[in-house]
Structure formats: C-alpha cells, structure tokens
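The next block holds one structure in the form of structure tokens; read it before the comments.
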DNA sequence: ACCATAGATCAACTAATCTTGATGGGTCCG
DNA sequence: CGGACCCATCAAGATTAGTTGATCTATGGT
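Protein chains in written order, with the working numbering: chain V, 343 to 464; chain P, 343 to 464.
Encoded structure:
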C-alpha cells in the first residue's frame, strides 16, 4: 500500500508519495550508501539545518559537506531554502517513504518460483 | 511496526525480522546501490537461481557476477546453497524487510524541530 | 565602499570500487 | 583416471567516488 505523507499547509490533505522508478531508486540508494550522508540525513530528520550548523554538528569541512549535500539533493532526498546568507536544508518529505514503497514493491512481486528448484540446471 | 516474514517450514510461525544496526543498514544500502546487483536482486525475487542461470539471464561474465554475488552475500541480502556442481542463490527473506523497517525508524524519530527555524544562525 | 561571513564550485589528488582474464578447486560422467 | 563443467578467487588495470585547499559569488554589517 502506498504511503501518505502529512500534506503541505494549509490544506492538510495527505499527499500520496509518487512511485519511484528503478533509476530514481538507484540514485536514492547510492546517495544513502555513505556514512557521512547518512549522518546528514539523520541530522535533518531532527529538522531544518543550515550548512554552518551541519558543519559544526557533524564536524566536517565546509567543502566536504557541500559535496555530500549536492549528492543528496540530486537524489531528491533533501531540499534547500536560502535565507539571507544562510542556506537551510531539509529532508524532502516524500523521498524516504518513496524508497520504502519501492522496496516493498521489490520484495513482493510474483513469487513465481518460490521454493527450491530441485532439478539441476541441465 | 516491525515486519513479519513467512516463517521457515514446518512450523509456519511468522519470523520477526531483527532490527538492523546502522552499520548493517549501511552495508545493505551499499550492496543495493549498484545497477547490476539490483538486477540480481530482482531476478532472485522471482525465486532461487543458480549462477549459470543468472549469467544467462543477466548476460554477465561469470567472474563479474560472482563478484557482485559476494557483495550481496556479505551484506546478508542473499544466501547460497550448493547442489552438485551448481550453486543456488536465493534472497534472504528478512533482509529487505529489515531495511524497510530501518528506513521507517530513520524517518520517524523525534521531529524536535519540524518547521522552518525562522531565526538565522547567529 | 569595504570587509567579513556563508556557501558553492573547481582542479588535483587519493582512495575505493569494478572489470577482465587467468587460475584453481570441486563435482560429475564416461 | 581424465575431461568437461560450475563456480570462486586473484592480480592488474580501468573507472568512479571522495577529499582537500583554493577561488568565487552573494549577502549583510559598518
């Protein structure tokens, strides 16, 4: 069953997270497959952060963090908002749920040959 | 809520999939973050396959496939069974659900600072 | 206008991952 | 036993990803 996410103000109607293509899912998986980017995602799970907060919180060089933020943004996992000289990053609400749903679809589809295939190859 | 998977014969009591540590989740993500390994997982979602079937189905050199099978096995995503000269690989039933649950835990925890933080950094 | 700060981007380097072809160990069959 | 087949592993090279330090733009404060 597809996932609903809280819906943007002011209507509060839950948004349906759109299905990820295999290519999109691959991008997201690649983006998550790094310990630093995972820490960034965890930090952003606690709410919006600006880059200078993240460099402090994660103890990373600015350039290094910027590189990883770009990977996450290109994968659609995070979004950014500029305020004054600060750049605030946030988790894109549908992204992780989208991956979750994609995973569900990966596991479930047609168990055509579920048990052991007793006969050898040829 | 944690995931149940179909339980191994003959008792049929559903198995509870154990929580993945962050380190384990990272391994699984890294294993999935590759187009070839994703195709292997999709193929195995259709049931057990031996290596020679997979090389044919995915049109890969044996050595290349073997490399990726090892990555998937080390991540706990797939398991193997030898029968005669054939090696049969299957999806490890708990692995993908385990990652799914880990993802759920990643999204949900404490939205301490959910909205925009209106005040600039300093 | 000037300077300080936030952050993106770039080029050069290092490190990790993938690929390829070769080799070797099992297993089965004649 | 000898040969054919299935598969894992290894070493060398190719490819890709990540790091570092420097530079550049934009914003805001004085």
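For every residue, glycine included, the Cβ atom is placed at its ideal position computed from N, Cα and C.
Classified as exposed, residue 358 of chain V has fewer than 16 neighbouring CB atoms from the shown chains inside 10 Å of its CB. In the DSSP assignment, residue 432 of chain V falls within the unbroken beta strand (DSSP E) covering 428-433. If the five residues before and after residue 422 of chain V are omitted, its C-beta is found closer than 6 Å to the C-beta atoms of 429, 431, all from its own chain and listed in chain order. The alpha helix (DSSP H) runs of length 4 or more contained entirely in the stretch 356-386 of chain V are, from start to end of the chain, 364-374.
Under the Cβ distance rule, residue 411 of chain P does not count among the residues neighbouring chain V, no pair being separated by less than 8 Å. Shown here, residue 389 of chain P sits in a strand according to DSSP, grouped into three states. Using a Cβ-Cβ cut-off of 8 Å, residue 448 of chain V counts as an interface residue toward chain P, since at least one Cβ of chain P sits closer than that to its own. Residue 406 of chain V sits exposed, since fewer than 16 C-beta atoms from the chains shown fall within 10 Å of its C-beta. The alpha-carbon separation between residue 366 of chain V and residue 389 of chain P amounts to approximately 25 Å. The way I'd put it, the stretch 411-420 of chain V does touch the stretch 364-380 of chain V; three or more beta-carbon pairs between them come closer than 8 Å.
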